[in-house]
Structure formats: C-alpha cells, structure tokens
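Q: My questions will all concern the structure given below.
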Amino acid sequence: MSATPTSTPLDAGTLDHIGPPRSTGSWGKRIRSRLPGLVSLVIFLGGWQLAVTLTDPNPLILPSPGSVLDAFTLAVEDGQVWAAMQASAGPLAIGMAFSLLAVPLGLLIGLSPTADLIASPYLWGFFALPNVAFAPLLILITGFSTTTSIWMVFLSASVPLCLSCKDGVQSVDAVLVRAARSFGGGRTAVFVKVIAPCSMPFIASGVRNAISRGFVGLLSVELLIGANGIGGEVIQSARAYDTARMFAFILLLIAIALLLVSGSRRLEVWASRWREEVVI
Amino acid sequence: MENAAEPTQASRRALAVEAHDVTVTYDRLREKDTLIALRDFSVEIEQGEFLAIVGPSGCGKSTFLNVVAGLTFPSAGTVEVMGKPVTGPETDRAVVFQDYALLPWRTTEQNVRFGLELQRRIDSETQDKVRHYIKMVGLEGFERAYPRELSGGMRQRVGLARALVTEPRLLLMDEPFAAVDAMTREVMQDELARIVAATGQAIIFITHSVDEAITLADRIAVVTNRPGRIREILEVGIPRPRSRASRSLPEFTELRDRIWSLLSDDPTNAVAPLVDYVPPSEGTQVAEPTAGPGEPLR
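Given below as structure tokens:
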C-alpha cells in the first residue's frame, strides 16, 4: 500500500508540528494570560484598604495593607525574614528527601497484593489522621528541636506519596503487561519498561501532594512549639500583639506555598506529558 | 529480511503448532466454581499456514491463543510450537493484540523496538530493521508520532510492525482489526494479506467476522461456545489474491453459509447474529451440518 491510510489525523506535511502547540512565549501574551489574576489581586488589596479606611478598625484586629507592607520591609531589613525562611527550609528539605524513600516502597507495595493488604489499612489510617493530632505525641518523643520538624515533614509527606505510588502501579494497563510478557519480558524488564514509566504521572502527583502536606506538617509543628521558622514568627508576632507583622509572615507563607504548588505542578505536567487527558 | 527466519533442517519437518486435547479451566473465586474455557481443543498448523479461528465472543478462542503464546497454561493436553513443548513466551512467536497494547509514552519507532528490547536482541542492525518494517506496514513518515496522534488503523499497523520486526515463525493475532472502523478494516485485511505473502510465517488469526476469516485464511476452525471446542475445520479453496470481488464468488458465499449454520447450530445456542451476516437469498439453501457437535476434524 502506498501511504494512504483511510483515516489520517495528520498529513505527512505537518509532521514537524506534532503534539500540542508550543507556547511561543511572547511577553505581551504571557502578561495578558495572567491578567485576570492580577486584576483580582488589585481588587482584593483595594477592598482591604477600603474596608480599613471606612470602618477604621483596631489595628490589632485588622491592620491596613500599608502597615503590613511596612512590617514586612522592616522584617526583611532586619534579616528576620531570611533567617526564618532558612530555619524552615532546612527541616522541609531534609524531611522531603527522606520521604522520597516512600517512592520505591509504594511501588513495591503496589506490585504485591499481599503487601497491599497488610500495609494499606495503616497507610490510609495515617493518611486520614490530621497531623496536628499526632504532633503532641511527636513532641513528647523527640522534644522541642529541629528533629521534631523533620519527623513531622517526613511523616506528613511520605504517607500520601507512598499511597499514590501504590495506586500508580495498580492502575497500570494489564494489556501492556501482557504485551511485554508475550515478548518474553521477565519481572524486572516488565517493571523497568512498563510499570515504572506508566506510574510516572502518579509518582509526580504524589510528590506534588507530598510537598504541600509536608509544608503543612512543618507549619503545624512550628505553630505549636514556636520554633525559629516562618510559622514560629507568626506565632511570636501574635503573642507580641504585632498583628501587622503576623499578617506579613502569613502572606509570606501563602506566597511560598503557591510557589511550591506551581513548581510541583510543572513536574506533574512534565511526567504525564504522554497522557492525552492532561490539560497543560 | 523478507523471509521469516529460515527453518532449520530439524524443524522443517515439525509442524508450526500441534495442539492435542487442550483443556483450560479457570477457578472463579466469586462464583466458587470452575469455568471450562476450552475443552479437548486439537488442531495442527503447517509451517507458513494461515489458520483463522472463528467463534462467538467468550468461546475461548483467545484463551487458545494465550496458550500458544505461552501466557496461559492448559490444565490438560499438550501444545507444541515448532516441535517444542510450550513452556512460556519464546522468540519464535509474536502476538498482535486487539487493543494494540502500545506504550503511550513511546513513539512509533520506539514502540516497534519494544519487542526486540525485551528479547535482548538490540544490535547494530536494529535501526535498519525497525525502519524496514515501519515501511512495510505503510507508516513511513510517522516514526516520531506518539500513539495518541495516530488513528486506530495506524496504531494497529504499529502493533503489527512490532510483532513482525522480531521475525517470528508464528504470528498470533487476537482479533487485531476488531477495534478499527469498517473501512479501515478492509484496507488492513488487504495489507495483512500482502505482508504475509512476503514474510511467510504461520499465523493464527482470531476473529468473530466470518468474511474476514474467509478472505484471509487457508483454513478456518469454527469454534462453538462454552466450553470452547472445535466444531469443524474447513479448507478455504478460493484462489489468492482474494479481493472484495471474491466475496461474491459462489465458493465464498457457500463457505460463509456453511460457517454460519455451524455457528447458529451451537448446542448452547449462545450465538447472537453478528453484524456482517447477510441472510442467504431464497434460492440458495443453507447446507445442513453433517458433523456431530464437538467432533474435531483435521
């Protein structure tokens, strides 16, 4: 047959444009696509300022955006923001690094129905438990130290990561495994060539979840024990009735959380780029 | 490269497939019983022969293919491929799956390589071989396309190339064109006939389309339902190449009627009329089946 398939979604002539249209990345376009978000941010800040101007509340309860900005600039100039970020980043990074051990563990659990039956009740039980609930117990065991934060990050992040790796393996299309076996693929080959790549989107979304859960876990410890990190600064400002400074650190938390989420979203999109249903 | 691996002196005499009284049963956990998928299934396939297995859904024809592929093991009976008992998948066999079973993260080229990788047969000639078979199935220019960018028919071409590139002596095709649209199906049948004429391996082709079986096969095994057993094996005497015009030949319609009467005479009566069944006109009388049920003929 001379290349005339009866239904052809693409012509041979358009072959260099296979795949989703690449973003050509002109600045004007990028700003325009972010415009709704920017407008809503401006409206939010304007509404906040308006509410403060109109009702003139006690600054202890609702400070103005201006005074929050002042408190933030002051904290930046003091080096307190930088110090707090460093103090939080350490336990977060170490805890997250350890929780990556959950990836191979989750994959192995997914491979064995027996291991799944044994491990799943504990994993799901721990997953359902809010981490503030076991924080006091953890503090009791490890004391008021950085170790507590690291453990907390590890425990909060590794469990959802383990669960989604397990789900990834269990959702692998059985037909693909059969195809690999029909060509004589052994257990290792099937795992490396089919199961692991097929689970990649699940691993990536597990990492995304783990980052946010780990961050929340870290904050719950910092807020509870008033450690040096950003959460600690929030609670110390509240104790000193410095509401503007507290707001400044809360907004910093939100900004960091958004950065982490959007960064890990990129990872997820990259890992699942071969799936049709992913919207980039 | 046009021919499948040259048979050795010893295996030249061996049949491609020799199945004797194969029985496959499954223990069903929920129903707490045993399902007999295949019973006393016996068939012999010559080297280079094209055998189609026709039967209703769930009659166990795919189970037989899995047994020959080495993916399922029979509870009784023996299966030999190229004179050797089947103990698992081997490099002398390759399977083409109904739902393509392509790896969605691999391009056409990488998917075609897949079987060779698993068989640890990657060498300096691999690239040329892959190119050759991609060209043979008519996918030149689509080497770098992902499966999601290809139509159903093109995906099955990739599946076919992936099987052919391992140069098997026996090609196992499990309803390969069942998932593609009717027009593409016709084209794919012509393509397959052309390709196997060039490569010359033995083929077991599972289908539930009677016309497809007659168009492609040298012999047709008619299988009836639960437990799956061969009612009859029929020779297709229609000269090749068979085209759309061959379908109106008297031999063709006669054979079609014969197969249909075998299928609809199924003792378990589980056959629903399939879409491509055209009832015989008033003049032609449906031949009554002469063989008793369950009589394996060869």
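Residue numbers (our numbering), protein chains in the order written: chain A, 4 to 283; chain B, 9 to 306. Ideal Cβ placement from N, Cα and C applies to all residues, glycine included. Source: prediction; values computed, not measured.
Can you tell me whether LEU168 of chain B sits near the ligand ADP, meaning its C-beta is under 8 Å from at least one heavy atom of the ligand?
A: Among the ligands in the structure shown, none appear at all, so the ligand ADP cannot be discussed.
Q: Between which two residues does the alpha helix (DSSP H) holding ILE228 of chain A run?
A: For this step, residue 228 of chain A is matched to residue 225 along the first sequence. 199 to 228 is the extent of the alpha helix (DSSP H) around ILE228 of chain A.
Q: Can you confirm whether the segment 195 to 210 of chain A touches the segment 220 to 231 of chain A when touching is taken to mean that 3 or more C-beta pairs between the two stretches lie within less than 8 Å?
A: As far as the Cβ criterion goes, the segment 220 to 231 of chain A does not touch the segment 195 to 210 of chain A, which means the pair count is below three.
Q: Please confirm whether ARG37 of chain A has its beta-carbon closer than 9 Å to some beta-carbon of chain B.
A: Position 34 of the first sequence holds residue 37 of chain A. Chain B, which has no Cβ nearer than 9 Å to the Cβ of ARG37 of chain A, makes this no.
Q: Between the segment 64 to 90 of chain B and chain A, which residues of the former have CB atoms less than 9 Å from a CB of the latter, in chain order?
A: Here the close residues are ASN74, ALA77, GLY78 and LEU79.
Q: Helix, strand or coil: how does DSSP classify GLY188 of chain A here?
A: As a position in the first sequence, residue 188 of chain A is number 185, starting the count at 1. Coil at GLY188 of chain A, not helix or strand.
Q: Against chain A, with Cβ distances strictly below 9 Å, would VAL97 of chain B count as a contact?
A: One-based indexing of the second sequence puts residue 97 of chain B at position 89. Position check: residue 97 of chain B holds Pro in this sequence, whereas Val was assumed. Yes, PRO97 of chain B lies at the interface with chain A (some Cβ there is under 9 Å from its Cβ).
Q: When we look at the beta-carbon of VAL45 of chain A and count the other beta-carbons within 10 Å, is it buried (16 or more) or exposed?
A: For the purposes of this step, residue 45 of chain A is identified with residue 42 of the first sequence, where counting begins at 1. With fewer than 16 Cβ atoms within 10 Å of its Cβ, VAL45 of chain A is classed as exposed.
Q: Could you work out which residue in B:GLU151, B:ARG177, B:SER269 and B:PHE185 is closest to THR207 of chain B when comparing CA atoms only?
A: Within the second sequence, residue 207 of chain B is the residue found at index 199, counting from 1. Among B:GLU151, B:ARG177, B:SER269 and B:PHE185, the Cα nearest to that of THR207 of chain B is on B:ARG177.
Q: So for MET90 of chain B, helix, strand or coil by DSSP?
A: As a first step, residue 90 of chain B is located in the second sequence; it is residue number 82 there, counting from the start. Coil.
Q: Where THR42 of chain B and VAL30 of chain B are concerned, what is the direct C-alpha to C-alpha distance, given to the nearest angstrom?
A: As a position in the second sequence, residue 42 of chain B is number 34, starting the count at 1. As a position in the second sequence, residue 30 of chain B is number 22, starting the count at 1. About 16 Å.
Q: For ALA169 of chain B and chain A, any beta-carbon pair shorter than 9 Å?
A: As a working mapping, residue 169 of chain B is identified with position 161 in the second sequence. Answer no: the Cβ-Cβ gap between ALA169 of chain B and chain A never drops below 9 Å.
Q: Would you call MET191 of chain B buried or exposed, if buried means 16 or more other Cβ atoms sit within 10 Å of its Cβ?
A: Reading the second sequence from its first residue, position 183 is the one you call residue 191 of chain B. Looking at its Cβ environment, which holds fewer than 16 other Cβ atoms inside 10 Å, MET191 of chain B is exposed.
Q: In this structure, how does DSSP classify TYR34 of chain B when only helix, strand and coil are distinguished?
A: Position 26 of the second sequence, counting from 1, holds the residue named residue 34 of chain B. TYR34 of chain B: strand per DSSP, three-state reduction.
Q: State the beta-bridge partners of PHE49 of chain B as determined by DSSP.
A: Indexing the second sequence from 1 puts residue 49 of chain B at position 41. DSSP lists B:VAL30 as partners of PHE49 of chain B.
Q: Spell out the partners DSSP gives PHE213 of chain B in its beta bridges.
A: Walking along the second sequence from the start, residue 213 of chain B turns up at place 205. According to DSSP, PHE213 of chain B bridges with B:ALA60 and B:MET181.
Q: Following the continuous beta strand (DSSP E) through ILE130 of chain B, name the residue where it begins and the one where it ends.
A: The residue given as residue 130 of chain B occupies position 122 in the second sequence. Unbroken run through ILE130 of chain B: none, as it is neither H nor E.
Q: Suppose the cutoff is 7 Å on Cβ atoms and the five residues either side in sequence are ignored; what does the same chain contact list for TYR141 of chain B look like?
A: Here residue 141 of chain B corresponds to residue number 133 of the second sequence, with the count starting at 1. So the qualifying residues of the chain are VAL120, ALA169, LEU172 and VAL173.
Q: Report yes or no: is there a C-beta of chain A within less than 9 Å of the C-beta of GLY208 of chain B?
A: The residue given as residue 208 of chain B occupies position 200 in the second sequence. Taking Cβ atoms only, chain A never reaches closer than 9 Å to GLY208 of chain B, which makes this a no.
Q: Looking at the structure shown, is GLY175 of chain B part of a helix, part of a strand, or coil, going by DSSP?
A: Locating residue 175 of chain B in the second sequence gives position 167, where the first residue counts as 1. According to the sequence as given, residue 175 of chain B is Glu; it is not Gly. In this structure, GLU175 of chain B counts as coil in the three-state DSSP scheme.
Q: For a quick check, are the C-beta atoms of GLY229 of chain A and SER202 of chain A less than 9 Å apart?
A: Position 226 of the first sequence, counted from the start, is the residue given in the question as residue 229 of chain A. Position 199 of the first sequence, counted from the start, is the residue given in the question as residue 202 of chain A. No. Outside cutoff.
Q: Expressed to the nearest angstrom, what Euclidean distance is found between the alpha-carbon atoms of ASN231 of chain A and SER91 of chain A?
A: Translated into the one-based positions of the first sequence, residue 231 of chain A becomes position 228. Translated into the one-based positions of the first sequence, residue 91 of chain A becomes position 88. So the alpha carbons of these two residues sit roughly 8 Å apart.
Q: Using three-state DSSP, classify THR42 of chain B as helix, strand or coil.
A: Taking the first residue of the second sequence as 1, we reach residue 42 of chain B at position 34. Looking at THR42 of chain B - three-state DSSP - the assignment turns out to be strand.
Q: Report the rounded CA-to-CA distance for ALA102 of chain B versus VAL188 of chain B, giving the unit in angstroms.
A: Your numbering for residue 102 of chain B matches position 94 in the second sequence. Your numbering for residue 188 of chain B matches position 180 in the second sequence. So the two alpha carbons sit approximately 21 Å from each other.
Q: Please look up how many angstroms separate the CB atoms of ALA201 of chain B and PRO249 of chain B, rounded, as I've assumed it's under 8 Å.
A: Against the second sequence, residue 201 of chain B aligns to sequence position 193. Against the second sequence, residue 249 of chain B aligns to sequence position 241. The Cβ separation is near 6 Å, so the contact holds.
Q: Pick helix, strand or coil for ALA109 of chain B, following the three-state DSSP scheme.
A: Here residue 109 of chain B refers to the residue found at position 101 of the second sequence. DSSP places ALA109 of chain B in coil when its eight states are reduced to three.
Q: Whose C-beta lies closer than 8 Å to the C-beta of TYR285 of chain B among residues of the same chain, with five residues either side of it excluded?
A: Residue 285 of chain B sits at position 277 when you count from the first residue of the second sequence. Reliability fails at TYR285 of chain B, whose pLDDT of 43 lies under 50, so the model's placement of it is uncertain and the value that follows must be treated cautiously. Hits under 8 Å: VAL218 and TRP268.
Q: To which residues of the same chain is PRO281 of chain B closer than 6 Å at the C-beta, ignoring the five residues directly before and after it?
A: Position 273 of the second sequence, counted from the first residue, corresponds to residue 281 of chain B. Only weak support exists for where PRO281 of chain B lies, its pLDDT of 41 falling under 50; the value from the coordinates is given anyway. Within the same chain, PRO281 of chain B has no close Cβ partners at all.
Q: So for ILE246 of chain B, helix, strand or coil by DSSP?
A: By one-based count along the second sequence, residue 246 of chain B stands at place 238. Looking at ILE246 of chain B - three-state DSSP - the assignment turns out to be coil, as it is neither helix nor strand.
Q: Going along the chain, which residues of its own chain have a beta-carbon closer than 8 Å to the beta-carbon of ASP245 of chain A, five neighbours each way excluded?
A: In the first sequence, residue 245 of chain A corresponds to position 242, counting from 1. Counting only Cβ-Cβ distances below 8 Å, and skipping sequence neighbours, we find ALA74.
Q: Between the Cα of LEU126 of chain B and the Cα atoms of B:GLU117, B:GLY146, B:THR99 and B:TRP113, which residue gives the shortest distance?
A: The sequence position of residue 126 of chain B within the second sequence is 118, counting from 1. Nearest option by C-alpha distance: B:THR99.
Q: Report the neighbours of PRO200 of chain A on chain C: residues whose CB is nearer than 8 Å to its CB, in chain order.
A: Of the protein chains in this structure, namely A and B, none is chain C.
Q: Closer than 7 Å by C-beta to ILE130 of chain B: which residues in its own chain qualify, once you throw out the five before and the five after it? Chain order, please.
A: For the purposes of this step, residue 130 of chain B is taken as the residue at position 122 of the second sequence. So the list reads LEU124, once near-sequence residues are dropped.
Q: With a 10 Å radius around its C-beta and 16 neighbouring C-beta atoms as the bar for buried, classify LEU120 of chain A as buried or exposed.
A: In the first sequence, residue 120 of chain A corresponds to position 117, counting from 1. Exposed, because fewer than 16 other Cβ atoms sit within 10 Å of the Cβ of LEU120 of chain A.
Q: Pick helix, strand or coil for ARG114 of chain B, following the three-state DSSP scheme.
A: Residue 114 of chain B sits at position 106 when you count from the first residue of the second sequence. ARG114 of chain B falls in the coil class under three-state DSSP.
Q: Looking only at its own chain, which residues have a Cβ that is under 6 Å from the Cβ of GLY113 of chain A, when we skip the five neighbours before and after it?
A: Here residue 113 of chain A refers to the residue found at position 110 of the first sequence. So the qualifying residues of the chain are LYS169, VAL172 and GLN173.
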